[in-house]
Each structure stands twice: as C-alpha cells, then as structure tokens.
Amino acid sequence: SDLSRLLLEAALLAEKGDDAGAEKALVQATTLAPADLDPQVQLTLLRLRRVEAAAREKGETVKPAAVAAEVALLQKAAVALPERGDIRYAQGYAHEIAGQADLALEDYREATRLDPLDGDSITALGALLLAKGLLDDAAREFLRALDREPDDGIVLQNLAYVYDQQGKTKEALDAYQKLVKLEPKNARAWHGLGLALDAAGKGKESAVPLQKAVDLSPATGRYHRDLGEALVLNNRTQAAEAAFLKAVELDPKDDAAWDALGRTRREMKKYAESVEAYEKVVELRPKDEDVHLMIAVLCHEFLKDWEKAVAHYNRYLALGGETPVEDWLAECQAEIDKKKP
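Right, here's the structure in full:
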C-alpha cells in the first residue's frame, strides 16, 4: 500500500541520516492516513530528536513544556496500542531529553518488557541506568543488547565504560580491544583501550593506543594529557613535555595537565619552567597545599628566589600543611634580610 511504502521510505531515509526526507515522507503518510498512529509516532520521534540536537548545539536543556505536545500524543498512542514497545520507547525518549529520568526509566523498562528484542529500548535503558550510577543493572542491559547485536559499537563502548567504572579491568580491556577492531577510527575507543591497559599495569603499552586517539582526535586536550603520562612511563620525557604543552594549549583550565607539565619539567631540571607550570596549577587549585610546597621548594633549593619561596611556604602553612617547613622558611627569610640595607 501507499502507506507502507511511505513508512518504509521514511525508515530508509532516516537510516541514511536524511531526516528532512524522512520527515517529508512521514508527513505524507499522516496526510494519507490521519487515523493511523504509526506515522504519527515515527514523526514525533523524529521531531524529538531534532529538538534534542538543537538544544545540545546551543548548550541548553530541553524543558518539559517544550515536548509536552509530543508526550501527550505518545501517551494517547500508548493507551490505544498498549502492546507496542516502540511507542513506550518513544515516550521514554521524550521524558529523557526533558530531564525526567524517572519517568523515562519506567517507560524504557516497559518497552523492553513489551519487546525484549528491541535493541533501541535495551540500549536506552542501559544508558539511563549508567547515567544514574546503577552499574550492575546497566551492564546487564548492555549484555542483553550485545546478545541481540554483537557488533553494536555504541553498546560495546558503554559496556566497556561500565566495566572500567566497576574496576573489572580484564573485562574492560577485552571490550575495548574488540571495539577498536570493530571501529578502528573511534578515538574514544582507542583512548579507553589506553586507559584500560594502564589500569591493567601495562602503562608502557598504553602509549600506542593513546597516540592513535590523539591522531584521530587531535583537538581533544585530555587525549594529549593521557598520552603524555604514557610517554613518561616510556622515559620519553621531551615527547611527554610536548604532549602536556599541547594539552594545556587546547584546554588552559586543565589543572591535571599543568600539574603533569610541572612535574615533567622538574624531572628535566627545567626548574623555572616547572614553577611557571605549577603556578598555573595554584591559579586553578588555590587551596592545593602540596603544589604550594613544591613551588616553595623549587624556588628555595634551585632558583634562589627567596621572596617567592617565603610566599609559598607561608601559603602552605596557612592551608594547614603538616610538613615542618619553619626552618626552611627561616632560612629564606634570612637570605632576604641579608639584602636589606
């Protein structure tokens, strides 16, 4: 029939990423059969995805009122067709993007009960459980989804992340290794593999996948920072310094990258440059007593910058530092006093 043809056409266009074409076909379908709920549900889901994408692009959240009409239509459809899991999935999606996680969770659970083989519902349920910190439940749903579709990269990546959060190092490593074979251009997968190797005590080996992540996504500062840490383990100190520099260039507020840069430069005996990096750390973490102490020691022992050493020793003590630094502080103050007329 014409209706079936339009629904199939819409599905194929949506699969290709042609949302405009899919919407046009669905509008034609609703005009052709205004009493049929199928095209209305699909059209509603398509429009919800567009609403979410627009909000994400603007860095905004979707208000419940913005999707109230869509939720009302889906609730009506769910009453008319209570056996349809796809309708409850769409309703759950509407609730989820509007920040109504508990309602979405209820919908996704019901959707998977109605259609235990629907991958979209299972994956959405797992992702929401993960977001709520219910790791065991999330892992169970992701494993169910993989039973249905073993090569679903999104599900596999989520499962690997869950394993990582659970401290299941071997399982996470296995999942990431499978994922990079499945999706060799997935930078997040390579990054995850590198971190999993490090967690498994294979930090030196992590440099290869972390370099791959950087190559695939060179604008991601976190990848450069983690690569730098792996390069340190491989005694490639200059390359590590370059990686940390790139990380802070891309994300000047990455205090961990500045900290790593300071540490690496200290090991390279670049004491003045090390202090510069550590000073960036205390700008971002002003109450980090250990970094204040490190700056003070570097200025005291190597740079002979007595005034700066005194300032940071005092700040360290003011923050409650327990290392006895009073003698060092007095030594620096004595050097300052020598310069007084």
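The numbers in the sequence shown follow this note's numbering, run straight up by one, and end at 342. Note that beta-carbon positions come from the ideal geometry of N, C-alpha and C, so glycine has one too.
Residue i, buried or exposed, once every other Cβ within 10 Å from all chains shown has been counted against 16
| i | result |
| --- | --- |
| S207 | buried |
| A23 | buried |
| T265 | buried |
| L160 | buried |
| K247 | buried |
| L118 | exposed |
| E111 | buried |
| Q13 | Checking the sequence shown, residue 13 turns out to be Leu, not Gln. That one is exposed. |
| G86 | buried |
| A6 | One detail in the question is off: residue 6 reads as Arg in this sequence, not Ala. Per the 10 Å Cβ criterion, exposed. |
| P219 | exposed |
| T124 | buried |
| V80 | exposed |
Residue i to residue j span [Cα, whole Å]
| i | j | result |
| --- | --- | --- |
| Q239 | L136 | 39 Å |
| D199 | E242 | 19 Å |
| L75 | L46 | 9 Å |
| K271 | A312 | 21 Å |
| K288 | L157 | 40 Å |
| L299 | L147 | 53 Å |
| G263 | A319 | 23 Å |
| V282 | R50 | 40 Å |
| L4 | L33 | 7 Å |
| Y314 | D291 | 10 Å |
| P185 | W191 | 8 Å |
| E250 | D108 | 44 Å |
Terminal residues of the alpha helix (DSSP H) in which residue i lies
| i | result |
| --- | --- |
| H192 | 188-200 |
| L40 | Just to set this straight, residue 40 is Pro in the shown sequence, not Leu. Unbroken alpha helix (DSSP H) run through P40: 38-59. |
| K64 | From DSSP, K64 is part of no alpha helix (DSSP H); its letter is neither H nor E. |
| F245 | 238-251 |
| S122 | 120-132 |
| S275 | 272-285 |
| Q212 | 208-217 |
| Q166 | 154-167 |
| N315 | 307-319 |
Quiz item: Is it a yes or a no for the stretch 23-38 touching the stretch 59-68, going by three-plus beta-carbon pairs under 8 Å?
Solution: no
Practice problem: Would you check if the stretch 294-308 and the stretch 325-335 touch, i.e. whether three or more CB-CB distances between them fall below 8 Å? | Solution: yes
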